[in-house]
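Counting along the sequence shown from 1, when you hit position 89 you're at 89 in full-length UniProt numbering, and nothing is skipped either side. Glycine included, each C-beta is placed from N, C-alpha and C at the ideal position. If you're wondering where the values come from, they're calculated on a predicted model, not measured in any experiment. For reference, the structure discussed in these notes is given below.
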Amino acid sequence: MVRKAYKPVETGDDTTTATAPASEVEAPSCFSDGLPLPQVMVFDLDYTLWPFWVDTHVTGPLKPTNDGLVVKDRYNDSYGFYPDVAAILVAIKEKNLTLCAASRTQAPELAREMLSYLHVPTSPSSSSSPKALSVFDELEIYPGDKKTHFSRIHKRTNIPYEEMLFFDDESRNKNVETLGVVMKLVRDGVSRKEVDAGVKLWRERNHRMKKRSTGLGNQSVTLQ
């Protein structure tokens with residue numbers, strides 16, 4: 001399926017972006033290449049899913065908007081996801097993977113409120129779209145070492161750390177790799193290319209890059 005290019009909102013403010021509907025952005029290619037995927041995908045919030053620090057840039061109370069693409073704060077400034085976020089989150093849920101957020105923000109309640117007002121649009125014509133808060137299976141949003149966040153995700157999901165891929169913009173959080181998690185450092189927000197690169201890194205680290213023949217003609221099955 002070829003999807004048309006989406007032009008992101010242009011506001012002159014680098015903290016004001018809006019995600020494109022999932023149907024308008026090509027999903028990361030890793031979801032359709034037939035190779036293994038991590039069972040759990042975890043995302044930081046600030047400068048990973050959205051281009052701001054929720055505890056610094058945003059001032060409550062927050063106000064929802066009709067389409068849910070952006071949220072307004074006390075000063076009527078607008079805040080939203082990076083452009084590819086809806087396509088990424090929808091693709092993850094379509095693959096029945098576990099989706100988590102892990103943030104060390106100093107404003108956890110404000111972050112949760114932001115997620116409750118922002119939507120994940122599936123198509124431009126859709127009359128309703130899910131709230132971002134509802135698409136996550138686990139939310140670990142509080143200050144502190146992110147190894148704590150991951151230990152709680154592991155405890156609640158009972159999924160091995162080696163099956164977890166983490167996207168974050170801060171190199172200090174690579175300490176979660178001592179648990180067995182693979183972290184992909186992102187510098188300009190998560191995008192379909194960053195997801196492809198992250199999944200490739202996870203496959204390489206865990207030796208999950210190959211398919212093996214089943215002996216049934218041209219059929220093959222991925223190594224698990």
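Range covered by the alpha helix (DSSP H) that runs through residue i
i	result
S116	108-117
T148	146-157
K131	First-last for K131: undefined, no H or E at that position.
residue 229	The shown model of the chain, from 1 to 224, leaves out residue 229, and the question about it has no answer.
E194	192-205
Beta bridge counterpart(s) of residue i as assigned by DSSP
i	result
W50	D46
S78	K72
E138	C100
K63	K72
V40	T98, M164
C-beta atoms of residue i and residue j nearer than 9 Å
i	j	result
G80	L69	yes
A27	A87	yes
T19	D77	no
L110	A132	no
L62	D44	no
P64	V58	no
V135	L99	yes
Y75	V190	no
D168	T56	no
V120	S129	yes
L89	R112	no
K184	E194	yes
Unbroken beta strand (DSSP E) run spanning residue i, endpoints
i	result
D168	164-168
L185	182-185
Close-in-space but distant-in-sequence residues of the same chain around residue i (CB under 7 Å, 5 per side omitted)
i	result
G12	Low confidence applies to G12: its pLDDT is 44, below 50, so where it sits in the model is not reliable, and the reading given next is rough at best. Cβ within range, chain order: n/a, list empty.
T222	Note on T222: pLDDT 43, under 50, position unreliable in the model; the coordinate value appears next. Counting only Cβ-Cβ distances below 7 Å, and skipping sequence neighbours, we find G34, L35, P36, K211.
K146	A102, R104, N173, V176
D137	T98, L99, C100
D196	P28, S29, C30
R152	E140
R156	E138
Nonlocal neighbours in the same chain, by C-beta distance under 8 Å from residue i, ignoring five residues either side
i	result
R3	For R3, the pLDDT reaches just 33, beneath the cut-off of 50, and the residue's location in the model is therefore unreliable, leaving the point undetermined.
residue 266	Because the chain in this structure spans residues 1 to 224, residue 266 falls outside the shown range and cannot be described.
L97	L37, P38, Q39, V40, M41
F52	T15, D46, V58, Y79
The ligand ATP heavy atom lying under 8 Å from the CB of residue i
i	result
V42	This structure does not include the ligand ATP; it has no bound ligands of any sort.
Cutoff 6 Å; reference residue i; Cβ partners in own chain excluding five residues on either side
i	result
Y142	P108
P124	P21
R205	V182
Q106	D55, P143
Minimum Cβ-Cβ distance from residue i to chain D less than 9 Å
i	result
E138	No chain D appears in this structure, which consists of one protein chain only.
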